[in-house]
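Residue numbers (this note's numbering): 399 to 735.
Cβ coordinates follow ideal geometry from the N, Cα and C atoms, glycine included.
Inspection log for the structure reproduced underneath, given as structure tokens.
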């Protein structure tokens, strides 16, 4: 199991509560980005299920540990969405609840692990609530979420909530540089971390999947667009639908340009490797214009995140032409025409 050093403190706190028999039966871990929540949950699960746990970790030699290593422990229930969808239906939830009440216990505990609470349907949550109120003895629930707002209060009130925050930038940089896969220099690592809200695992993914190279291509395209005043060349880049990543990167450049224009210290810049591009944008538009244009780009990003059945290319074209002409007019006006 790959471990992350920034999890040490929170792991010790949670584990100590179980060692003192004060651990909550339902833990909900929240993180906006991947900060190793699955690793943290799995480490706790291994300790709880172990027949002869050591002070801070499982023994790895008992029968329960061997079953966990093989991925076939009968008392560990990892629940995933159905058929590659983003839904966990009520039938799956009822089957799991039936199992923990009626199947014999191989180890000292039974553990249910649901990766994303957001995937539970309303019927699934309702089926689970009574069990969370009165769980069988030595039964534990572990949940993960990216957003508390999407979870009903009736569910939240039955869980102990932990927020998993990114490590300090210095620690994240040390870890990221040690991985060495695609990370060429400290500056690149620092930029990647800041683009990922300080989450080292997400930053590592940028380099592993070639996303860093794609970002550099986008920045070059933005630079050429402004120099040549051919703004519509950005449409194919920003129309890439992969979680709106390109649009998010583009917006961070505008945010940096606004900071630069206002004289904010360089250490607060996200795209530290793109100072030339940031300066060009800051020189091209006024503070007022950058601020108002940025608001419109953020609204457009929210629109893309919320709706899927809209003409992205049309709205991006409209927004870019507005940006070129320094016109502040919402894309929603064009959408409603």
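According to DSSP, residue i sits in a beta bridge with which residue or residues?
{"i": "residue 428", "result": "543 and 561"}
{"i": "residue 512", "result": "477 and 541"}
{"i": "residue 518", "result": "486"}
Using the C-alpha atoms, what's the distance from residue j back to residue i?
{"i": "residue 735", "j": "residue 713", "result": "Model confidence at residue 735 stands at a pLDDT of 41, short of 50, so the residue's coordinates are unreliable; what they give is reported in the following sentence. Approximately 12 Å between the Cα atoms of the pair."}
{"i": "residue 694", "j": "residue 526", "result": "41 Å"}
{"i": "residue 490", "j": "residue 530", "result": "16 Å"}
{"i": "residue 442", "j": "residue 698", "result": "41 Å"}
{"i": "residue 406", "j": "residue 718", "result": "46 Å"}
{"i": "residue 482", "j": "residue 514", "result": "13 Å"}
{"i": "residue 736", "j": "residue 576", "result": "The question about residue 736 has no answer, for the chain in this structure spans 399 to 735."}
{"i": "residue 732", "j": "residue 495", "result": "Its pLDDT being 48, under 50, residue 732 is placed unreliably by the model, and the measurement read from it follows with that caveat. Their Cα atoms are separated by approximately 50 Å."}
{"i": "residue 703", "j": "residue 461", "result": "46 Å"}
{"i": "residue 684", "j": "residue 659", "result": "8 Å"}
{"i": "residue 696", "j": "residue 679", "result": "17 Å"}
{"i": "residue 548", "j": "residue 594", "result": "22 Å"}
{"i": "residue 559", "j": "residue 411", "result": "13 Å"}
{"i": "residue 740", "j": "residue 518", "result": "There is no way to answer for residue 740, as the model of the chain reaches only from 399 to 735."}
{"i": "residue 497", "j": "residue 570", "result": "41 Å"}
{"i": "residue 700", "j": "residue 646", "result": "10 Å"}
{"i": "residue 749", "j": "residue 632", "result": "In the structure as shown, the chain begins at 399 and stops at 735. Residue 749 is therefore absent and cannot be evaluated."}
{"i": "residue 651", "j": "residue 643", "result": "13 Å"}
{"i": "residue 485", "j": "residue 425", "result": "20 Å"}
{"i": "residue 597", "j": "residue 708", "result": "31 Å"}
{"i": "residue 454", "j": "residue 444", "result": "10 Å"}
{"i": "residue 654", "j": "residue 670", "result": "9 Å"}
{"i": "residue 634", "j": "residue 715", "result": "10 Å"}
{"i": "residue 487", "j": "residue 521", "result": "7 Å"}
{"i": "residue 415", "j": "residue 493", "result": "30 Å"}
{"i": "residue 668", "j": "residue 586", "result": "11 Å"}
{"i": "residue 590", "j": "residue 563", "result": "17 Å"}
{"i": "residue 568", "j": "residue 574", "result": "10 Å"}
{"i": "residue 375", "j": "residue 437", "result": "The structure shown does not extend to residue 375, since the chain is modelled only from 399 to 735, so the question has no answer here."}
For residue i, count neighbouring Cβ atoms within 10 angstroms of its own Cβ and tell me buried if that reaches 16, exposed if not.
{"i": "residue 565", "result": "buried"}
{"i": "residue 622", "result": "exposed"}
{"i": "residue 578", "result": "exposed"}
{"i": "residue 610", "result": "buried"}
{"i": "residue 723", "result": "exposed"}
{"i": "residue 401", "result": "exposed"}
{"i": "residue 588", "result": "buried"}
{"i": "residue 434", "result": "buried"}
{"i": "residue 466", "result": "buried"}
{"i": "residue 584", "result": "exposed"}
{"i": "residue 450", "result": "exposed"}
{"i": "residue 541", "result": "buried"}
{"i": "residue 458", "result": "exposed"}
{"i": "residue 711", "result": "exposed"}
{"i": "residue 665", "result": "exposed"}
{"i": "residue 625", "result": "exposed"}
{"i": "residue 456", "result": "buried"}
{"i": "residue 706", "result": "exposed"}
Say whether chain D places a C-beta atom closer than 8 Å to the C-beta of residue i.
{"i": "residue 702", "result": "The structure shown contains no chain D; it holds only a single protein chain."}
- Message: Between the region 638-650 and the region 548-555, can you find at least three pairs of beta-carbon atoms closer than 8 Å?
- Response: no
- Message: Report the start-end ranges of each alpha helix (DSSP H) in the region 612-699 that is 4 residues or longer and not cut off at the edges.
- Response: 633-636, 643-659 and 673-682
- Query: Touching or not, the region 467-485 and the region 410-421, by the rule of three or more beta carbon pairs under 8 Å?
  - Reply: no
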